[in-house]
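Contents: one structure, followed by commentary.
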Amino acid sequence: MSNQNTRTRDASGGVVAHTAVVNTASLERMDPRATKRSDAAFGQSRLVFKDLTFSILREGVEKLILSPCSGVFEPGEMCAIMGPSGCGKTTLLDMLAGKKTAQYSGEVFLNGLPRDTLFPRLTSYVPQSDTLPAYLTVGEALKFVHQLRVEGNMTEADRDAAVSDCLSLLGIDTIQHELIGDEHERGISGGQKRRLTLARGLIGGSQIVFADEPTSGLSSTDAETVIRAMCVAAKKLGVLFVTVIHQPRAEVANMFDTLLLLTSSPGRMVYNGPFDGAAKYFAKAGYPAPNTCNPADFLLDIITPGAFGEQSNYFAQRYVDVQHQDVEARVAAALSAPKKTSFEVLKNAYAIQGFSTSALHESPIAATFSNQFYTLLSRELTMTKRNKSALRVRYGTAMMQGIIVGCAFYNIASREPILQLSFMFMILQMGTIANMAILPKLINSRFVYKLEISDGLFGEVACTCVNALVNNTLAISGNFLTTFILFAFSCMPWKHFGTLYLWSLLSFCVVTSYLRVIAQIARSGDTALQTAMPFLLGTILFNNFFISRASGTFLKFLIYVSPMAWAMEQIATSIYGSNEQMMSLYEYKSSDAWTTVALFVLLSESVFFQCLEFVALRRAKGAIR
Ligand SMILES: Nc1ncnc2c1ncn2[C@@H]1O[C@H](COP(=O)(O)OP(=O)(O)OP(=O)(O)O)[C@@H](O)[C@H]1O
Ligand SMILES: [Mg+2]
Numbered sequence: 002m003s004n005q006n007t008r009t010r011d012a013s014g015g016v017v018a019h020t021a022v023v024n025t026a027s028l029e030r031m032d033p034r035a036t037k038r039s040d041a042a043f044g045q046s047r048l049v050f051k052d053l054t055f056s057i058l059r060e061g062v063e064k065l066i067l068s069p070c071s072g073v074f075e076p077g078e079m080c081a082i083m084g085p086s087g088c089g090k091t092t093l094l095d096m097l098a099g100k101k102t103a104q105y106s107g108e109v110f111l112n113g114l115p116r117d118t119l120f121p122r123l124t125s126y127v128p129q130s131d132t133l134p135a136y137l138t139v140g141e142a143l144k145f146v147h148q149l150r151v152e153g154n155m156t157e158a159d160r161d162a163a164v165s166d167c168l169s170l171l172g173i174d175t176i177q178h179e180l181i182g183d184e185h186e187r188g189i190s191g192g193q194k195r196r197l198t199l200a201r202g203l204i205g206g207s208q209i210v211f212a213d214e215p216t217s218g219l220s221s222t223d224a225e226t227v228i229r230a231m232c233v234a235a236k237k238l239g240v241l242f243v244t245v246i247h248q249p250r251a252e253v254a255n256m257f258d259t260l261l262l263l264t265s266s267p268g269r270m271v272y273n274g275p276f277d278g279a280a281k282y283f284a285k286a287g288y289p290a291p292n293t294c295n296p297a298d299f300l301l302d303i304i305t306p307g308a309f310g311e312q313s314n315y316f317a318q319r320y321v322d323v324q325h326q327d328v329e330a331r332v333a334a335a336l337s338a339p340k341k342t343s344f345e346v347l348k349n350a351y352a353i354q355g356f357s358t359s360a361l362h363e364s365p366i367a368a369t370f371s372n373q374f375y376t377l378l379s380r381e382l383t384m385t386k387r388n389k390s391a392l393r394v395r396y397g398t399a400m401m402q403g404i405i406v407g408c409a410f411y412n413i414a415s416r417e418p419i420l421q422l423s424f425m426f427m428i429l430q431m432g433t434i435a436n437m438a439i440l441p442k443l444i445n446s447r448f449v450y451k452l453e454i455s456d457g458l459f460g461e462v463a464c465t466c467v468n469a470l471v472n473n474t475l476a477i478s479g480n481f482l483t484t485f486i487l488f489a490f491s492c493m494p495w496k497h498f499g500t501l502y503l504w505s506l507l508s509f510c511v512v513t514s515y516l517r518v519i520a521q522i523a524r525s526g527d528t529a530l531q532t533a534m535p536f537l538l539g540t541i542l543f544n545n546f547f548i549s550r551a552s553g554t555f556l557k558f559l560i561y562v563s564p565m566a567w568a569m570e571q572i573a574t575s576i577y578g579s580n581e582q583m584m585s586l587y588e589y590k591s592s593d594a595w596t597t598v599a600l601f602v603l604l605s606e607s608v609f610f611q612c613l614e615f616v617a618l619r620r621a622k623g624a625i626r
């Protein structure tokens, strides 16, 4: 490789370009802890936390989950959080990473200052469960993160090289072109997904990577490879890794610098210090690890409540007596050290990596709006195109619905206008039914979006716009197919099709936007339909056909809210306006001004729900944690 190429690659790849010479094979032969800090090491962030505490309200009583935890993590450190299941490891990691949405107390400082809006841009989070887009290849999923997180004028080849290096580092380069997959589409294995999730955290050039059990589900050999890769990135680039890990084998444990050991019921600190000092600390207290046993297993055995011979309460108290003061002193010293703002850190990191800092902006999202929009849009289009079975089901169902209902209304044009009106109602109704079918897809994708938004890859506006564009196009084209077939079966004059379709489309768009809000706020796919029902029922019932202004019910004011009612009235008045019997039977109003009002109401309702979707996305950044 020429000098020029080396420089360009170095400038482009963030974490990964600098580890490019290291692949899985060479990793296994080296001692990652002996890796020298590179000249291009951009990691310079120290994380300090003080009295992080989490309690929940259960039946009106406050229950302590995690008692106050404090500590200091330095740049380039490998920090492990360990403890029995349910002791609050994920809770602590989420609080540190700013991902905990439930209320907690305590403070977290980045380089001496409270976390600010740039924090998501400087950090990555690797969740305990893999939340990955199913219809992307492994390489595409990584490149997506690189495009949005790592700025700078770089070529596609630079980005591809960074992706290959990252995959090679984690030993998954052979599956670069394979689909990730999900329960419907066969894809990569669970262990490969785990490594890809970690790779997504690594590739963004973060100062700090928070990883929740990055090795769960991996064979012990693969787990070691993954931790080695993290260790190389930490030592070489100064990236701080804060990792929740379950019972690492000795070779893996040796790669960690710091250990934060918690016990459960409630979560309490039992040890906070150097990893290799833990065995000595416990031995000094009269509990030396037997030679025959993995020290990490031994430590967990004696601090797990309920385990044979456990001493959890003793060690929780011992932490208060022996270590607490020392930890508090370290926290105080770290907080009195010179401070750096997140923007200063970002600028430094850019300069070190050879990026131009002139265009650097102080926004929580690295990519410009147009970059967010086009990157997200091209991913959505790729995934939609690949998910052929979903496309087949969508358009197949749309056609079948058109044909079946069309047969029921065959040649309705030859019947009385009043009967034709039930056909118009059916067209509007079909739109609502077709809409309900998209709810599960919307709910499945929301977890991916929320995680990506909380990671600062893109904002809610770009996400809402792309979602509206892609999903509305799909929904509208399916609905057009159904309406077209239905209309053909009805044998009505084609001159009415435009009017009928326009108003049914407007009503359809309101319902689609409404369901997109439900997809954001419903707790799960199971409850989504129940959540959506009240409005849908109101829409379908108060439709200016079943219930019109002529009906006696005191609820008839709902006609002014129901999009179907507005559409129904406009269709009826424009096609049968001269039929006075029908106009007076349903008390339909017909005037240009009233048509303008109908147009205004339908468009406003659509925009209102789009805004609500945006607010819902913004309020719930990430699932409830
Ligand atoms: N938002 C919340 N509301 C209610 N309970 C919560 C919330 N967050 C965490 N908990 C509770 O806190 C406890 C600790 O959870 P956490 O997920 O942190 O444990 P963990 O140590 O990561 O366990 P594991 O090793 O099994 O992953 C659990 O009992 C969990 O139910
Ligand atoms: Mg956990």
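Residue numbers for the sequence shown follow the working numbering, beginning at 2 and rising by one.
Glycine residues also receive a C-beta, built at the ideal position from the N, C-alpha and C atoms.
Bear in mind the structure is a predicted one, so any value in this text is a computation, not a measurement.
In the pairwise beta carbon analysis, the stretch 71-89 is classified as touching the stretch 329-341: at least three pairs are separated by under 8 angstroms.
At least 8 angstroms separates the beta-carbon of G99 from that of K340.
D327 is bridged by DSSP to nothing; it lacks a bridge partner.
Under the three-state reduction of DSSP, Y288 is assigned to coil, being neither helix nor strand. Note that the stretch 422-430 does not touch the stretch 220-236; fewer than 3 beta-carbon pairs, one per stretch, sit closer than 8 angstroms. Residue burial annotation: E78 is buried, with at least 16 other C-beta atoms found within 10 angstroms of its C-beta.
For G403 and T383, the gap between their C-alpha atoms comes out near 28 angstroms.
With a 10 Å radius around the Cβ and a threshold of 16 neighbouring Cβ atoms, F309 comes out exposed. Distance from the C-beta of I353 to the nearest heavy atom of ligand 1 is not below 7 angstroms. Bridge partners of P115 according to DSSP: F110. Collapsing the DSSP output to three states places Y136 in coil. Only buried fits V164, as 16 or more other CB atoms lie within 10 angstroms of its CB. Residue environment: H185 is assigned as exposed (fewer than 16 neighbouring CB atoms within 10 Å of its CB, all protein chains considered). Put simply, the backbone Cα of G278 is about 22 angstroms away from that of E214. In the three-state DSSP reduction, Y351 falls in the helix class (H, G or I).
In this structure, DSSP gives I82 an extended state, which the three-state scheme calls strand. Excluding sequence positions up to five before and after T500, its CB lies within less than 6 angstroms of the CB of S575, all in the same chain and listed in chain order.
By the C-beta density criterion, N292 is exposed, having fewer than 16 other C-beta atoms within 10 angstroms. Counting C-beta pairs with one atom in each stretch, the stretch 89-106 and the stretch 142-161 have fewer than three that are closer than 8 angstroms, which means they do not touch. Burial is judged here by how many other beta carbons sit within 10 angstroms of a residue's own beta carbon; C232 has at least 16 and is buried. Remark: the shortest separation between the CB of D213 and any heavy atom of ligand 2 falls under 7 angstroms.
Here DSSP, grouped into helix, strand and coil, assigns R517 to helix. Sequence-distant Cβ neighbours of A566 in its own chain, meaning closer than 6 angstroms and more than five residues away, are F543, N544, N545 and I560.
Counting along the chain, I57 sits inside the beta strand (DSSP E) bounded by residues L48 to R59. Counted as a single uninterrupted DSSP element, the alpha helix (DSSP H) harbouring C464 occupies residues E461 to S491. Taking C-beta atoms as the reference points, L458 and R150 count as a pair closer than 8 angstroms. In this structure, G172 places its C-beta atom within 8 angstroms of the C-beta atom of T226. Shortest Cα-Cα distance from R619 to any of S525, A551, K285 and V462 involves V462. Relative to R447, the option among I434, R319, F344 and T465 whose CA is nearest is T465.
In the DSSP assignment, F74 falls within the beta strand (DSSP E) that extends over V62 to F74. Residues of the same chain with a CB within less than 6 angstroms of the CB of T198, apart from the 5 flanking positions on each side, are V127 and D131 in chain order.
Contact between L262 and C80 is absent: CB atoms are separated by about 12 angstroms, not below the 8 angstroms threshold. Of the heavy atoms belonging to ligand 2, none sits nearer than 7 angstroms to the Cβ of Q248.
In the structure shown, I572 falls within a helical segment according to DSSP collapsed to helix, strand and coil. The stretch 161-227 is shown to contain whole alpha helix (DSSP H) runs of 4 or more residues at 191-204, in chain order. Annotation for T554 indicates a beta carbon at 7 angstroms or more from all heavy atoms of ligand 2.
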